[in-house]
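**Q** The listed protein sequences correspond, in order, to chains A and B. To convert, take the position in the first sequence, counting from 1, and add 24; that gives this note's numbering. To convert, take the position in the second sequence, counting from 1, and add 24; that gives this note's numbering. All C-beta atoms in this analysis are idealised placements derived from N, C-alpha and C, irrespective of residue type, glycine included. Have a look at the structure that comes next, please.
There are 2 protein chains.
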Amino acid sequence: MKTKILYVEDEPFLGRIVKESLESRDFEVNMLTDGNDVLQQFEKINPDICVLDIMLPVKDGYTIARELRKVKATVPIIFVTAKVQTEDLLKGFESGGNDYIRKPFSMEELIARINNLLQLSQRPKSISAAEVTVIGKYEFNPQRYELKIEDKVKKLSSREATLLTMLSENRNATTNRKDILMKLWGDDSFFNSRNLDVYITKLRDYLKDDPSIEIITIKGVGYHFAV
Amino acid sequence: MKTKILYVEDEPFLGRIVKESLESRDFEVNMLTDGNDVLQQFEKINPDICVLDIMLPVKDGYTIARELRKVKATVPIIFVTAKVQTEDLLKGFESGGNDYIRKPFSMEELIARINNLLQLSQRPKSISAAEVTVIGKYEFNPQRYELKIEDKVKKLSSREATLLTMLSENRNATTNRKDILMKLWGDDSFFNSRNLDVYITKLRDYLKDDPSIEIITIKGVGYHFAV
DNA sequence: TGAAAGCAATGTTAATTAAGGTTAAAGGCG
DNA sequence: CGCCTTTAACCTTAATTAACATTGCTTTCA
Numbered sequence: 025m026k027t028k029i030l031y032v033e034d035e036p037f038l039g040r041i042v043k044e045s046l047e048s049r050d051f052e053v054n055m056l057t058d059g060n061d062v063l064q065q066f067e068k069i070n071p072d073i074c075v076l077d078i079m080l081p082v083k084d085g086y087t088i089a090r091e092l093r094k095v096k097a098t099v100p101i102i103f104v105t106a107k108v109q110t111e112d113l114l115k116g117f118e119s120g121g122n123d124y125i126r127k128p129f130s131m132e133e134l135i136a137r138i139n140n141l142l143q144l145s146q147r148p149k150s151i152s153a154a155e156v157t158v159i160g161k162y163e164f165n166p167q168r169y170e171l172k173i174e175d176k177v178k179k180l181s182s183r184e185a186t187l188l189t190m191l192s193e194n195r196n197a198t199t200n201r202k203d204i205l206m207k208l209w210g211d212d213s214f215f216n217s218r219n220l221d222v223y224i225t226k227l228r229d230y231l232k233d234d235p236s237i238e239i240i241t242i243k244g245v246g247y248h249f250a251v
Numbered sequence: 025m026k027t028k029i030l031y032v033e034d035e036p037f038l039g040r041i042v043k044e045s046l047e048s049r050d051f052e053v054n055m056l057t058d059g060n061d062v063l064q065q066f067e068k069i070n071p072d073i074c075v076l077d078i079m080l081p082v083k084d085g086y087t088i089a090r091e092l093r094k095v096k097a098t099v100p101i102i103f104v105t106a107k108v109q110t111e112d113l114l115k116g117f118e119s120g121g122n123d124y125i126r127k128p129f130s131m132e133e134l135i136a137r138i139n140n141l142l143q144l145s146q147r148p149k150s151i152s153a154a155e156v157t158v159i160g161k162y163e164f165n166p167q168r169y170e171l172k173i174e175d176k177v178k179k180l181s182s183r184e185a186t187l188l189t190m191l192s193e194n195r196n197a198t199t200n201r202k203d204i205l206m207k208l209w210g211d212d213s214f215f216n217s218r219n220l221d222v223y224i225t226k227l228r229d230y231l232k233d234d235p236s237i238e239i240i241t242i243k244g245v246g247y248h249f250a251v
């Protein structure tokens, strides 16, 4: 289903350009030229996002936004205006707007802002399916820090798991020592460098039941995780 | 709990002003002056929102944003910059930014934009004022402090319930020990820290009937609630 | 030119330290 | 009392440091 935009703009020339331009990007655009009818239209078409000019005959954009907010708290609202003062902008946010775009604007910018807001407001989130990575004969669950081979489960510590994740994401390629140090410890001092050696040894030990897996040292550079 | 902002800005003068100004509005601000350590810090403090200058030594804001997006797709990102071209703005959205504020800016504007994005990004939670959260085989009612499995109802104490709520809202991600301590006890002294251990033990006990639920310790950081 | 010495980087194992876990008993409060 | 909650004592595990071994490249000099 197309994304529905409610667009309120009283300049007919600009309005037509914008509407057509949006339609050519596969949005469904309902355009109104004044604030009179906005609420009814809103409830009728139930748009995914609203684009409001601020200076309109009869009712200004702020007022419309406030009315819309009463009806639906969540629909994203973008203001379009020639005004540029901070106080206008504040008034915009206050009245329930979520973005502010200055005239003249490029269509690219408007579209980018529309897509951005749509994404933000839809953010359903997380609950990523616990994905398991296969490493040779092993299965590795980076969410649960579990490394499994033939029903034997080894719990990794968080450092071990992070390191294995890095290597595994970069399998059959070289992971820089320095990148690892930065990610695990935030700096690449001498002591942490010795520390990394210790963790590499541990992982080699955990992974020894599948000889096809190898953590190959590339001296002066990093490790190559061969699977 | 205060809203945490990760702020990356290399101009020390501007940076200090902004940091102090935000702090006076009761934000908790972590400021970095270059792009080196951002990922590390991000994972450590788990901020609610990021404010990135674009022109930075070493790594520019776009690059940082892209890296952050890989780690966490949902955290809102605001760019701050003197550049004004549409293409910069598009690049900003492309790299995962959600808003763009031009230098020089007023603090009022920055704060309005921050609050706006925070609201937008939290919307899903507040809409679904779902009374009951499903956690594996359990149902948890954070209002009534009830944890139910197969018609067996366990009443939690308020501390237990708050802790479980925190973990559960952040499932499959890491909740900082410090955040928990601040929320439950208001400070992170040694004694309360031991106290938290006790509560974690209790929750693990209550949740043991579903082995797919795990509270994984991340030493020195916090807990990862895997469901 | 090539074996041997030198050396920096990395490997291994073990000891140490720090963080967190468990359990139970002691406080505190309606 | 009866319930949290806090404190305490002791236990377990992870992270770090240390001590010593190895590797492979580089330099040196017969």
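1) Using three-state DSSP, classify residue 44 of chain A as helix, strand or coil.
2) Tell me which residue opens and which closes the alpha helix (DSSP H) that residue 92 of chain A is part of.
3) Report the rounded CA-to-CA distance for residue 213 of chain A versus residue 47 of chain B, giving the unit in angstroms.
4) Among A:80, A:50, A:240, A:233, which has the Cα closest to the Cα of residue 160 of chain A?
5) Is the Cβ-Cβ distance between residue 99 of chain B and residue 125 of chain B less than 7 Å?
6) Going by C-alpha distance, which of A:77, A:121, A:192, A:79 is nearest residue 96 of chain A?
7) Throw me the rounded Cβ distance for the residue 133 of chain A and residue 110 of chain B pair, which I believe falls under 8 Å.
8) Ignoring anything shorter than 4 residues or poking outside the segment 59 to 87 of chain B, list the alpha helix (DSSP H) runs there in chain order.
9) Report back the beta-carbon spacing between residue 251 of chain A and residue 237 of chain A to the nearest angstrom; my notes put them in contact at under 8 Å.
10) For residue 82 of chain B, I'd like the list of residues in its chain whose CB is within less than 7 Å of its CB, leaving aside the five on either flank, ordered along the chain.
11) Give the C-beta separation of residue 171 of chain A and residue 178 of chain A to the nearest angstrom, bearing in mind that I take them to be a contact with Cβ-Cβ under 8 Å.
12) May I ask you to list the residues that DSSP assigns as paired with residue 179 of chain B?
13) Step through the CB atoms of chain B and report whether any lies within less than 7 Å of the CB of residue 109 of chain A.
14) Tell me, please, which residues DSSP counts as bridged to residue 204 of chain B.
15) When you compare each of B:210, B:92, B:127 to residue 42 of chain B by their alpha carbons, which one comes out closest?
16) When the Cα atoms are used, what is the spatial distance from residue 200 of chain A to residue 113 of chain B?
17) Kindly indicate which residue of B:244, B:89, B:70 has the alpha-carbon position closest to the one of residue 26 of chain B.
18) Could you tell me which chain B residues have their CB closer than 8 Å to the CB of residue 168 of chain A, listed as they occur along the chain?
19) Is there at least one Cβ from chain A nearer than 7 Å to residue 48 of chain B's Cβ?
20) Using beta-carbon positions only, say whether residue 78 of chain A and residue 53 of chain A come within less than 7 Å of one another.
21) Since residue 225 of chain A is in the alpha helix (DSSP H), which residue starts that stretch and which ends it?
22) Give the interface partners of residue 113 of chain A over in chain B, defined as CB-CB distance under 8 Å, in chain order.
23) Within 7 Å of any Cβ in chain A, is that where the Cβ of residue 200 of chain B sits?
24) Give me the Cα-Cα distance between residue 22 of chain B and residue 93 of chain A, rounded to the nearest whole angstrom.
25) Residues of chain B with a CB under 7 Å from the CB of residue 210 of chain A: which are they?
26) Buried or exposed for residue 244 of chain B, please, with buried defined as at least 16 other CB atoms from any protein chain shown within 10 angstroms of its CB.
27) In the structure shown, what three-state DSSP assignment does residue 29 of chain A receive?
28) Would you please verify whether the beta carbon of residue 187 of chain A is less than 7 Å from any beta carbon of chain B?
29) Cutting at 7 Å between CB atoms, please list the residues of its own chain near residue 241 of chain B, excluding the five before and the five after it.
30) Using the three-state DSSP reduction, which class does residue 37 of chain B fall into: helix, strand or coil?
31) Looking at chain B, which residues of the segment 115 to 131 of chain A have a Cβ within less than 7 Å of any of its Cβ atoms?
32) Between the Cα of residue 33 of chain B and those of B:231, B:202, B:62, B:141, spot the shortest distance and give me the residue it belongs to.
33) Assuming residue 144 of chain A and residue 145 of chain B are in contact, meaning their beta carbons sit under 8 Å apart, how far apart are those beta carbons, in whole angstroms?
34) Which residue marks the beginning of the beta strand (DSSP E) containing residue 105 of chain B, and which one marks its end?
35) Quick one: which unbroken beta strand (DSSP E) runs of 3-plus residues sit fully inside the segment 109 to 164 of chain B? Chain order, please.
36) Hey, quick one: how far does the beta strand (DSSP E) through residue 239 of chain B stretch, first residue to last?
**A** According to the structure shown:
1) DSSP places residue 44 of chain A within a helical segment (H, G or I) once states are collapsed to three.
2) For residue 92 of chain A, the enclosing alpha helix (DSSP H) has its first and last residue at 85 to 95.
3) Cα-Cα distance, rounded: 33 Å.
4) When each option's Cα is compared against that of residue 160 of chain A, the closest is A:233.
5) Contact flag unset, no.
6) The residue from A:77, A:121, A:192, A:79 with its alpha-carbon nearest to that of residue 96 of chain A is A:121.
7) Right, the Cβ-Cβ distance comes to about 5 Å (below 8 Å), so this counts as a contact.
8) Complete alpha helix (DSSP H) runs here, min 4: 62 to 69.
9) Correct: roughly 5 Å between the Cβ atoms.
10) Setting aside the 5 residues that flank it on each side, residue 82 of chain B is surrounded in the same chain by 58, 59, 60, each with a C-beta closer than 7 Å to its C-beta; the list follows chain order.
11) Confirmed, Cβ separation roughly 5 Å.
12) Answer is B:170, bridged to residue 179 of chain B.
13) Chain B, which has no Cβ nearer than 7 Å to the Cβ of residue 109 of chain A, makes this no.
14) Residue 204 of chain B pairs with nothing; no bridge assigned.
15) Ranked by how close their Cα comes to the Cα of residue 42 of chain B, the residues B:210, B:92, B:127 have B:127 in first place.
16) Here the C-alpha atom of residue 200 of chain A lies approximately 33 Å from the C-alpha atom of residue 113 of chain B.
17) The shortest CA-to-CA distance from residue 26 of chain B to any of B:244, B:89, B:70 is the one to B:70.
18) Those are 238, 240, 250, listed as they occur along chain B.
19) No Cβ of chain A is located within less than 7 Å of the beta carbon of residue 48 of chain B.
20) Contact annotation: residue 78 of chain A and residue 53 of chain A have beta-carbon atoms that are not nearer than 7 Å.
21) In the DSSP assignment, residue 225 of chain A falls within the alpha helix (DSSP H) that extends over 214 to 230.
22) What residue 113 of chain A touches in chain B: 133, 136.
23) Output row for residue 200 of chain B: interface = no.
24) What is shown of chain B runs 25 to 251, which leaves residue 22 of chain B out entirely.
25) Near residue 210 of chain A (Cβ distances below 7 Å), the residues of chain B are 61, 64.
26) Residue 244 of chain B comes out exposed.
27) In this structure, residue 29 of chain A counts as strand in the three-state DSSP scheme.
28) For residue 187 of chain A, the answer is no, since every Cβ of chain B falls outside 7 Å of its Cβ.
29) Cβ-Cβ distances below 7 Å link residue 241 of chain B to 247 in the same chain, with the five nearest sequence neighbours on each side left out; the list follows chain order.
30) Helix at residue 37 of chain B.
31) Answer in chain order: 117, 122, 130.
32) Of B:231, B:202, B:62, B:141, the residue nearest in Cα terms is B:62.
33) Between residue 144 of chain A and residue 145 of chain B, the beta carbon gap of about 6 Å places them in contact (Cβ cut-off 8 Å).
34) 101 to 105 is the extent of the beta strand (DSSP E) around residue 105 of chain B.
35) Counting whole runs of 3 or more residues, the segment 109 to 164 of chain B contains the beta strand (DSSP E) stretches 123 to 126, 157 to 159.
36) Segment 238 to 242, the beta strand (DSSP E) holding residue 239 of chain B.
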